[in-house]
Amino acid sequence: MPISWFLLSLALGRSPVVVSLERLVEPQDTARCSIGLFCHLWDGDVLCLPGSLESAPGPVLVPTRLQTELVLRCPQETDCALCVRVVVHLAVQGGLEEPEEGERSDSKLQEPRNASLLAQVVLSFQAYPTTRCALLEVQVPAVLVQPGHSVGSAVFDCFEAGLGAEVRIWSYTQPRYQKELNLTQQLPDCRGLEVRDSIQSCWALPWLNVSADGDNVRLVLDVSEEQDFGLLLYWDQVQGPLKPWRYKNLTGPQTITLNHTDLFPCLCIQVWPLEPDSVRTSFCPFREDPRAHRNLWHVARLQVLSSGIWQLDAPCSLLAKVALCWQAPDQGPCQLLVPPMLQENVTVNTPHEFKSVRGHPNLCVQVSSWEKVQFQECLWADSLGPLKDDMLLVEMRTGLNDTSVCALEPSGCTALPSNASTRAAHLGEQLLQDFRTHQCVQLWNDDSLGALWACPMDKYIHKRWVLVWLVCLLLVAALFLFLLLKKDRVKAAPRARTALLLHSADGAGYEHLVGALASALSQLPLRVAVDLWSRRELSAHGALAWFHGQRRRTLQEDGVVVLLFSPAAVAQCQQWLQHQTVEPGPHDALASWLSCVLPDFLQGRAAGRYVGVYFDGLLHPDAVPAAFRAAPLFSLPSQLPGFLDVLQGGCAQLPGRPADRAERVAQALQSALDSCTLQSGTADYGEAWDPGPYPAPK
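According to mature numbering (1 follows the signal peptide of the UniProt record, and there is no 0), the residues represented by the sequence shown are -20 to -1, 1 to 678, in order.
The following block contains the structure:
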């Protein structure tokens, strides 16, 4: 019996079963109609020209629904082809009014009132590289002509298509009285159909089974001895073409084990015999696997590309929502701005921007799935500075000229004015006055939904606490006077400035040299941050998140970011500047911090924030890319005094004479630099010489 496509789709689920198909022996296309209708199939195909829409001159016959069934066309028992049977459901459309006198001669296909109807129904079929159009003439007896009622269906056998192909089918009449019907379907491959002995292209096809192997997954390929075949593991992405992951040419049979951490919902497997024009079988068995979905969220990353522009990176599409939220300085939960703003679906690996929103440091983007917050980043934290103690007012438009205003607080949105015992309620009249006199900044506006306003709270805090501040100042002055009388001189300890060291993973020898520099600088004193001392935190949060957070914290504290250039780092920087990408490998950390710091250099924000460093004998100064020369560049240890002066910046004078400080750092560096220079002349640092990790200072 014929198998409907809906039932076949259920059968071809995650664990497909074998489904038997009806066999047709007629080599020619045929058509038939349900009881009461008369059908005739034109010989050969016709031109696929839908034409423009026309007004129906009276009752006309139109297609209302399309169905498909899969069958086999078998000229011989073992020489079959997959074929798509199309069922067109028909109905009468339009009234029974008599046409105008001038239109009687133009109506050729529609008879006068109470006569039978004759329609030409076109079936258009596309399956790369084939395009066909068939024409059916369908006649309806007068007794069945009732406007608005279904009259039956016509069946067309059949359109041949390849296994695994995507087919598109359209149906319309000539002339066309309504928009054409359309249907798109993905045909199954050899795995789910009882066709292995009937379709010759399936005879040599590798057959694949998936089974559990503890926490891992085992792929068992049922292939005859000494048969060569190709195996491709790829990520089936909604946007763009498939993304290959692993490819191998193998000889059967084979068993392949996948680690459970490699599973993703879009991970698919494609196998095919290594023969000309062979059929490829693809299936994606992990779409509903809970482990695959957990892995996907674990590797996904939300990053802020520049002010107000963000991107969610993931190997597969994610079922998630994105919305703006308001982050107050008290470190409480970020409060969604829904309503009046709406949540949107997330498209991964694509830059996004809230174009109608004005920037504010407290506005953050929040990505959630199944009502759980997965990621959050503040969009303007780098460009507009730290969070502000502003009150967000939500203006909701409830009518043509009616609006209501509430203040967003941790307890909810407090209506203004209000008798509640909250901060916004106590300042309700003042906030409303600022709102009406446009002293608040409008962040977003929609003519039908409402608007968002940020109102500064500094002046209210100053008024309330002015007396307290005066008392505190008097107490501080009295205490200071007491200390002056108690001691002749008060020494203030210098404020330690933060220095973030960024380097490339060039091997154990170079890492030892970087560790020696970091340890020496931490004795000056300086607060030194380097990934060598934060392995566990780097592994937990990922390289990109760690570098981005450390850079933001360092610059917010008026620190300095030190870029360490080595020959390998320079080569990777040149590749990044030319192609905006770095080949995967040991330089993944370099690609991460490049994406964080490069925008500051390209936008002219590097002065006073960055310092470049290379080591004597390891690199020529001209090798440093021009894009990074906006920052001071020093060679160590030969230019240590100038380097230390830049690190000190505007901070208090470091203890000891400058020459003594430079000498201490130079002594700590020279031994590690000599060993690194010696080994670089004979072999790679990481392979020829491994002195072990350089410890962080106690």
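Cβ coordinates follow ideal geometry from the N, Cα and C atoms, glycine included.
If you follow the alpha helix (DSSP H) that residue i is part of, which residue opens it and which one closes it?
{"i": "His559", "result": "547 to 559"}
{"i": "Gln536", "result": "523 to 536"}
{"i": "residue 705", "result": "Coverage of the chain is limited to positions -20 through 678, which leaves residue 705 absent and any answer about it impossible."}
{"i": "Gly379", "result": "Element bounds for Gly379: n/a, residue is neither H nor E."}
{"i": "Val494", "result": "488 to 501"}
Enumerate in chain order the residues of its own chain whose CB-to-CB distance from residue i is below 7 Å, with the five nearest sequence positions on each side excluded.
{"i": "Ser204", "result": "Gly232"}
{"i": "Trp225", "result": "Leu213, Tyr214, Trp215"}
{"i": "Trp554", "result": "It is Gln, not Trp, that sits at residue 554 in the sequence shown. Excluding residues within five positions, the ones whose Cβ falls inside 7 Å are Pro605."}
{"i": "Cys248", "result": "Tyr214, Asp216, Ser262, Phe263, Cys264"}
{"i": "Arg589", "result": "Leu535, Val540, Val541, Asp580"}
{"i": "Arg531", "result": "Leu480, Val541, Cys576, Val577"}
{"i": "Arg533", "result": "none"}
{"i": "Leu493", "result": "Phe595, Ala652, Leu653, Cys656"}
So what's residue i in DSSP terms, helix, strand or just coil?
{"i": "Val259", "result": "coil"}
{"i": "Pro43", "result": "strand"}
{"i": "Ser20", "result": "In the sequence as presented, Ser is not what sits at residue 20; that position holds His. His20: strand per DSSP, three-state reduction."}
{"i": "Pro566", "result": "Confidence at Pro566 is low in this model, with a pLDDT of 46, below 50, so its placement is unreliable and no value can be given for it."}
{"i": "Asn275", "result": "helix"}
{"i": "residue 679", "result": "In the structure as shown, the chain begins at -20 and stops at 678. Residue 679 is therefore absent and cannot be evaluated."}
{"i": "Leu282", "result": "strand"}
{"i": "Gly597", "result": "coil"}
{"i": "Ala122", "result": "helix"}
{"i": "Ile26", "result": "It is worth fixing the name first, because residue 26 is Val in this sequence and not Ile. Val26: coil per DSSP, three-state reduction."}
{"i": "Ser(-1)", "result": "coil"}
{"i": "residue 682", "result": "The requested residue 682 does not occur in the structure, where the chain is confined to residues -20 to 678."}
{"i": "Glu643", "result": "helix"}
{"i": "Glu206", "result": "coil"}
{"i": "Val510", "result": "strand"}
{"i": "Lys301", "result": "strand"}
{"i": "Val456", "result": "helix"}
{"i": "Arg589", "result": "coil"}
{"i": "Arg403", "result": "helix"}
{"i": "Pro245", "result": "coil"}
{"i": "Leu161", "result": "strand"}
Quick one: give me the first and last residue of the beta strand (DSSP E) that residue i is part of.
{"i": "Ser104", "result": "97 to 107"}
{"i": "Gln410", "result": "From DSSP, Gln410 is part of no beta strand (DSSP E) but of the alpha helix (DSSP H) over 408 to 416."}
{"i": "Phe136", "result": "130 to 140"}
{"i": "His69", "result": "59 to 73"}
{"i": "Tyr152", "result": "146 to 153"}
{"i": "Leu620", "result": "Counting along the chain, Leu620 falls outside any beta strand (DSSP E), though it belongs to the alpha helix (DSSP H) covering 620 to 628."}
{"i": "Phe614", "result": "613 to 616"}
{"i": "Ile289", "result": "289 to 293"}
{"i": "Val541", "result": "540 to 544"}
{"i": "Ser604", "result": "A quick correction: the sequence has Val, not Ser, at residue 604. Where Val604 is concerned, there is no enclosing beta strand (DSSP E), given that its DSSP letter is neither H nor E."}
Would residue i and residue j be called neighbours here (beta carbons separated by less than 8 Å)?
{"i": "Leu649", "j": "Leu497", "result": "yes"}
{"i": "Ala308", "j": "Leu317", "result": "no"}
{"i": "Asn229", "j": "Asp202", "result": "no"}
{"i": "Gln165", "j": "Thr48", "result": "yes"}
{"i": "residue 693", "j": "Ala434", "result": "There is simply no residue 693 to check, as the chain begins at -20 and stops at 678 in what is shown."}
{"i": "Ser258", "j": "Gln250", "result": "no"}
{"i": "Val26", "j": "Leu115", "result": "yes"}
{"i": "Leu151", "j": "Pro121", "result": "The sequence shown places Ser at residue 151, not Leu. Cβ distance not < 8 Å, so Ser151 and Pro121 don't count as in contact."}
{"i": "Leu70", "j": "Gly128", "result": "no"}
{"i": "Ala300", "j": "Ser349", "result": "yes"}
{"i": "Ser651", "j": "Leu598", "result": "no"}
{"i": "Ala145", "j": "Ala107", "result": "yes"}
{"i": "Leu359", "j": "Gly312", "result": "no"}
{"i": "Pro331", "j": "Ala361", "result": "no"}
Within the same chain, show all residues whose beta-carbon is closer than 8 Å to that of residue i, passing over the 5 residues directly before and after it, in chain order.
{"i": "Cys138", "result": "Leu4, Asp9, Val51, Arg53, Cys63, Val64, Arg65, Val66"}
{"i": "Pro601", "result": "Tyr594, Leu613, Ser615"}
{"i": "Asp269", "result": "Leu243, Pro245"}
At a Cβ threshold of 8 Å, is residue i touching chain B?
{"i": "Ala520", "result": "Among the chains of the structure shown, chain B does not appear; only one protein chain is present."}
Excluding the 5 residues flanking residue i on each side, which residues of the same chain have their C-beta closer than 6 Å to its C-beta?
{"i": "Ala472", "result": "With a pLDDT of only 49 at Ala472, under the threshold of 50, the placement of this residue in the model should not be trusted; the figure read from the coordinates follows. Here the set comprises nothing."}
{"i": "Leu482", "result": "Leu543, Trp573"}
{"i": "Gln158", "result": "Val42"}
{"i": "Asn399", "result": "none"}
{"i": "Ala646", "result": "Pro617, Leu620"}
{"i": "Glu333", "result": "Gly288, Ile289"}
Below 7 Å, is the gap between the Cβ of residue i and the nearest heavy atom of the ligand FMN?
{"i": "Leu1", "result": "This structure lacks the ligand FMN, and indeed carries no ligand of any kind."}
Please specify which runs of the beta strand (DSSP E), each continuous and at least 3 residues long, are wholly inside the segment 319 to 374, giving them in chain order.
-> 343 to 349, 352 to 358
At which residue ranges does the segment 209 to 233 contain complete beta strand (DSSP E) runs of 3 or more residues, listed in the order of the chain?
-> 223 to 231
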